[in-house]
Amino acid sequence: MERRQFLRGTGAAIGGSLAAGCVGGGSGSGTVTVDYAYYNPVSLVLREKGWLEATFADTGTDVEWVLSLGSNQANEYAQSGEADVSSTAGIAALMARTNGVPITTPYVYSEPEWTALVTFRETGIESVADLEGKRVAATRGTDPYFFLLQALGDAGLSEDDVEVVNLQHPEGQSALVRGDVDAWAGLDPHMAELELEHEGAELFFREPRYNTYGFLNFLDGFLADRTEQARRVLEAYERGRQWAVENPEATAGILADASEMSAPVAERVFTRRTDLSEPIPGEPHRELLSDLSPVLEREGLVTDDADPAGAVDELIDSEFATEVA
């Protein structure tokens, strides 16, 4: 069952494997492979409604769905060529592009506040400064990890001042509940589940501007060689986005059913912490990633000769989706 996979996660880390280079070039022209993720509500709408399949119904092209449990896993799909289209946070997409994974971002699937720092009241942790010397769960190469780094920097700390325990998002949630770690760089919907269903759980540090958007990434070869198929994917996404904006309660219900989380959890994630109003990437996204690019170098998450600042313009395509959105 997907529920078991959702709760266990994969435990995979992307940083080292991305640095090793890129393999593959996407699935064959008869199949379009697209990921779905609990942190990408539009993907869940499309999968539930069958609108992506409908978009390709007159072409004989099959649609294959693969589940991404985090940006690191979505980047692994792109690196290996297992997915033509994948969902990540913006900073994770930039890390992949900088390390040679040939992806381009023509579409923003959400502007979320999907990460915060979480603890339990009994730990006595009330601020980021209190994390010094503590064990913090985070998934390296994902938005919560970069959120943690920025929060530590604000408090005059660095990763060296804490013990980062590298766990996939659901595993980080479980580790915090068991008391194996003192805090967790959380990700919705797991974070909202903890917040609403576990007494004493607290989001002790929130900063919406440290969340780096939801990027929908296309393999370069898919965009260049199968442009019409790529356009159809975007058309379906835009249909799904508009429907989700107009039907927030129904979208929250789809999220709840897909992730097997409660309706209140899904409602909090989608109606309170997700903005779908701007699907075209542009200057705000470039500026944010440019500001964060030195973090990739400082933390050793890109190769020594990499240029993450220069990769921002290679990653973001503001033109391709303008005919659709």
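All the letters of the sequence shown, read from the start, carry residue numbers 260 to 584 under the numbering used here.
For glycine and all other residues, C-beta sits at the position ideal for the given N, C-alpha and C.
- Across the structure, Asp563 and Arg557 are spaced so that their CA atoms are roughly 10 Å apart.
- Counting only runs of 3 or more residues that sit fully inside the stretch 401-479, the beta strand (DSSP E) segments are 422-425, 442-446, 460-464, 473-478, in chain order.
- DSSP places Trp310 in the helix class (H, G or I) of the three-state scheme.
- Three or more Cβ pairs closer than 8 Å define a contact, and the stretch 375-392 meets that threshold against the stretch 420-428.
- Residue pairing by DSSP puts Ser345 in a beta bridge opposite Asn476.
- In this model, Pro300 and Gln338 are separated by some 23 Å (Cα to Cα).
- By the C-beta density criterion, Asp402 is buried, having at least 16 other C-beta atoms within 10 angstroms.
- The three-state reading of DSSP puts Asn299 in strand, counting E and B together.
- By the C-beta criterion, the stretch 360-367 is judged not to be in contact with the stretch 516-524, since fewer than 3 inter-stretch pairs fall below 8 Å.
- Judged by their CB atoms, Phe406 and Leu482 are not nearer to each other than the 9 Å cut-off.
- For the options Glu487, Ala434, Gly349, the alpha carbon positioned closest to that of Thr314 is the one of Glu487.
- In this structure, the CA atom of Ala351 is about 26 Å from the CA atom of Asp439.
- When DSSP reads this structure, Ile575 sits in a beta bridge with Thr364.
- Annotation for Ile575: Thr364, Pro540, His544, Arg545 place their beta carbon closer than 7 Å to its own, counting only its chain and skipping 5 residues before and after.
- The straight-line gap separating the alpha-carbon atoms of Asp572 and Ser346 is approximately 19 Å.
- A distance below 9 Å separates the beta carbons of Ala451 and Val528.
- The continuous alpha helix (DSSP H) containing Val524 extends over residues 522-526.
- Here Ala397 has Pro403, Tyr404, Leu407, Val423, Val424, Asn425, Leu426, Gly431, Trp443, Ala444 as same chain residues with Cβ atoms under 8 Å from its own Cβ, once five neighbours each way along the sequence are excluded.
- The beta carbon of Leu311 lies closer than 6 Å to those of Leu305, Val322, Ala495 in the same chain, with the five residues before and after it left out.
- The closest CA to that of Glu466, considering only Pro371, Pro538, Arg491, is found on Pro371.
- No Cβ-Cβ contact shorter than 9 Å links Ser386 with Ala355.
- By the neighbour-count definition (other C-beta atoms within 10 Å, threshold 16), Glu456 is an exposed residue.
- For Val395, the enclosing beta strand (DSSP E) starts and ends at 394-397.
- In terms of CA proximity to Asp294, Leu478 leads the group Glu505, Asp566, Leu478, Ser536.
- Taken atom to atom, the span from the alpha-carbon of Thr533 to that of Ala348 is near 13 Å.
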